[in-house]
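In the numbering used here, the protein residues as written are 3 to 319. For glycine and all other residues, C-beta sits at the position ideal for the given N, C-alpha and C. See below for the structure under consideration.
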């Protein structure tokens with residue numbers, strides 16, 4: 003199942019199912035006003051999302067009325083003729099028009115670094131140190147706190163360039179969402195925006211390199227594990243547009259990652275209470291050249307087939 007959060011004028015945040023045809027079905031209810039609450043409710047009641055959302059549809063009337071039963075899959079479910087589609091919602095955020103929001107109101111985002119060999123090699127070339135290759139080959143992964151919801155943006159929201167950075171870069175990543183017991187309950191795309199020059203000046207500056215307003219973009223959808231055949235065999239693409247021209251295109255397959263996600267989670271949760279709905283970003287294998295730092299008004303697009311495209315403009319903070 004694929005879920006989104008979206009804004010409707012006068013109604014605010016809504017929860018939607020995205021069908022295979024990219025139609026959006028509103029399944030918002032008072033007891034589950036967001037995707038996080040939907041997931042928590044399903045966990046509490048020990049039911050599948052399909053059964054839960056079918057039950058919600060029977061209890062409440064959502065504008066406009068929708069048809070949804072427990073015997074239908076997300077792909078086969080039909081909506082009444084309201085014309086709401088993922089494409090129509092994929093616009094710049096504005097309270098006066100329908101638009102996509104961050105796909106889950108995550109309480110925390112954590113990042114993982116140097117999980118791809120290419121990342122380790124290129125970072126060491128930049129710093130003339132071996133700290134990155136040492137982490138890549140170590141028994142303990144690099145894990146860092148990335149941010150809270152207030153520092154995150156959704157599709158088409160502005161990602162930021164720190165005011166004290168001259169080399170801020172995009173880091174396109176696959177991210178997963180954790181349940182109450184450290185299980186993976188979903189996936190999304192993440193842009194781990196990072197001030198590389200600050201990190202390279204001194205590794206102890208890593209938190210300042212990683213945590214600031216607009217440092218993390220998530221979206222466009224929350225995707226359940228049943229939708230993904232193999233999370234370790236996904237082709238990811240990143241495109242940077244400047245004045246409507248492609249200045250960079252990079253690709254990687256997640257098969258190049260050096261860690262299993264369960265291993266990353268185990269290290270993350272050692273003596274560290276992790277709340278339900280935490281997002282873990284798994285690291286990048288796409289390294290933009292140093293001579294192409296992000297600039298104001300750039301557009302960064304990250305895509306994986308079936309995940310949609312996470313597109314964000316760049317803003318100087």
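**Request:** Flag this pair as yes or no: are the beta carbons of residue 227 and residue 186 separated by less than 8 Å?
**Result:** Taking the chain shown and counting its residues from 1, one reaches residue 227 at position 225. Taking the chain shown and counting its residues from 1, one reaches residue 186 at position 184. Yes, the Cβ-Cβ distance between residue 227 and residue 186 is below 8 Å.
**Asked** Below 8 Å between beta carbons: does that hold for residue 180 and residue 282?
**Response** Translated into positions along the chain shown, residue 180 becomes position 178. Translated into positions along the chain shown, residue 282 becomes position 280. Yes, the Cβ-Cβ distance between residue 180 and residue 282 is below 8 Å.
**Which residues DSSP lists as bridging residue 9, in chain order** = To locate residue 9, count along the chain shown from 1; it is residue 7. In the DSSP output, where bridge partners are listed per residue, residue 9 has 15, 101.
**Prompt:** Under three-state DSSP, which class holds residue 22?
**Reply:** Here the question's residue 22 lines up with position 20 in the chain shown. Coil.
**Asked** What distance in whole Å lies between the Cβ atoms of residue 5 and residue 224, which are believed to be in contact at a cut-off of 8 Å?
**Response** Numbered from 1 along the chain shown, position 222 holds the residue referred to as residue 224. Numbered from 1 along the chain shown, position 3 holds the residue referred to as residue 5. Yes, they are in contact, since the Cβ atoms of residue 224 and residue 5 sit about 5 Å apart, within 8 Å.
**Prompt:** residue 162: buried (16+ other C-beta within 10 angstroms of its C-beta) or exposed?
**Reply:** Numbered from 1 along the chain shown, position 160 holds the residue referred to as residue 162. Burial call: buried.
**Message:** Can you look up residue 234 in the DSSP assignment and give me helix, strand or coil?
**Reply:** Sequence index remark: in the chain shown, residue 234 carries index 232 (1-based). Coil, per DSSP.
**Prompt:** What are the boundary residues of the beta strand (DSSP E) that residue 91 is part of?
**Reply:** The residue labelled residue 91 in the question sits at position 89 within the chain shown. Residue 91 -> not in any beta strand (DSSP E); alpha helix (DSSP H) instead, spanning 88-91.
**Message:** In whole angstroms, give me the CA-to-CA distance for residue 158 and residue 205.
**Reply:** Taking the first residue of the chain shown as position 1, residue 158 is located at position 156. Taking the first residue of the chain shown as position 1, residue 205 is located at position 203. Residue 158 and residue 205: Cα-Cα distance of roughly 31 Å.
**Prompt:** So the alpha helix (DSSP H) residue 148 belongs to, where does it begin and stop?
**Reply:** Within the chain shown, numbered from 1, the residue matching residue 148 stands at position 146. Note, residue 148: premise wrong, no alpha helix (DSSP H); beta strand (DSSP E) at 144-149.
**Prompt:** DSSP three-state call for residue 161: helix, strand or coil?
**Reply:** Translated into the one-based positions of the chain shown, residue 161 becomes position 159. Residue 161: strand per DSSP, three-state reduction.
**Prompt:** Could you give the distance in angstroms between the alpha-carbon of residue 201 and the alpha-carbon of residue 85?
**Reply:** Here residue 201 refers to the residue found at position 199 of the chain shown. Here residue 85 refers to the residue found at position 83 of the chain shown. Approximately 46 Å between the Cα atoms of the pair.
**Request:** With DSSP collapsed to three states, give me the class of residue 267.
**Result:** Stepping through the chain shown from its first residue, residue 267 is reached at position 265. In the structure shown, residue 267 sits in a helix (DSSP, three-state: H, G or I).
**Asked** Got a sec, what are the start and stop residues for the beta strand (DSSP E) residue 257 sits in?
**Response** For the purposes of this step, residue 257 is identified with residue 255 of the chain shown, where counting begins at 1. Per DSSP, residue 257 belongs to no beta strand (DSSP E) and is neither H nor E.
**Message:** Judging by CA-CA distance, which residue of 260, 135, 176 is the nearest neighbour of residue 253?
**Reply:** On the chain shown, position 251 is the one that residue 253 refers to. Minimum Cα distance to residue 253 is reached at 176.
**Asked** Among 210, 28, 296, which residue has its Cα nearest to the Cα of residue 87?
**Response** Sequence index remark: in the chain shown, residue 87 carries index 85 (1-based). Nearest option by C-alpha distance: 28.
**Request:** Could you tell me the boundaries of the alpha helix (DSSP H) in which residue 200 lies?
**Result:** Position 198 of the chain shown, counted from the first residue, corresponds to residue 200. Run containing residue 200: 198-203, per the alpha helix (DSSP H) assignment.
**Prompt:** Which residues in the same chain have their Cβ closer than 6 Å to the Cβ of residue 237, if we skip the five residues on either side of it in sequence?
**Reply:** Against the chain shown, residue 237 aligns to sequence position 235. Correct list, in chain order: 255.
**Short Cβ contact (8 Å threshold) for residue 144 with residue 116** = Along the chain shown, read from residue 1 onward, the residue named residue 144 stands at position 142. Along the chain shown, read from residue 1 onward, the residue named residue 116 stands at position 114. Contact flag set, yes.
**Request:** Identify which residue in 11, 147, 164 has its Cα closest to the Cα of residue 102.
**Result:** On the chain shown, residue 102 is found 100 positions in, with the first residue counted as 1. The candidate whose alpha carbon is nearest that of residue 102 is 11.
**Request:** Report all residues from its chain with a CB closer than 6 Å to the CB of residue 160; omit the five preceding and five following residues, and keep chain order.
**Result:** Locating residue 160 in the chain shown gives position 158, counting from the first residue. So the list reads 216, 315, 317, once near-sequence residues are dropped.
**Request:** With DSSP as the reference, please indicate the residues paired to residue 252 in a beta bridge.
**Result:** Stepping through the chain shown from its first residue, residue 252 is reached at position 250. Looking at the DSSP assignment, residue 252 forms a beta bridge with 240.
**Asked** CA-CA distance, residue 280 and residue 108?
**Response** Within the chain shown, numbered from 1, the residue matching residue 280 stands at position 278. Within the chain shown, numbered from 1, the residue matching residue 108 stands at position 106. Taking the straight line from one Cα to the other gives about 6 Å.
**Prompt:** Whose C-beta lies closer than 8 Å to the C-beta of residue 298 among residues of the same chain, with five residues either side of it excluded?
**Reply:** The residue you call residue 298 lines up with position 296 of the chain shown. The residues are 163, 316, 317, 318.
**Prompt:** Over what stretch of residues does the beta strand (DSSP E) that includes residue 302 continue unbroken?
**Reply:** To locate residue 302, count along the chain shown from 1; it is residue 300. Residues 301-306.
**Request:** Taking all protein chains shown into account, decide if residue 193 is buried (16 or more other Cβ within 10 angstroms of its Cβ) or exposed.
**Result:** Here residue 193 refers to the residue found at position 191 when the chain shown is read from its first residue. Counting Cβ neighbours within 10 Å, residue 193 comes out buried, since at least 16 surround it.
**Prompt:** Among all the DSSP beta bridges, which residues are the ones paired with residue 219?
**Reply:** The residue you call residue 219 lines up with position 217 of the chain shown. Its beta-bridge partners are 155, 193.
**Message:** Using a Cβ-Cβ cutoff of less than 6 Å, which residues in the same chain neighbour residue 309 once the five nearest sequence positions on both sides are dropped?
**Reply:** As a working mapping, residue 309 is identified with position 307 in the chain shown. Cβ neighbours of residue 309 beyond the five flanking positions: 191.
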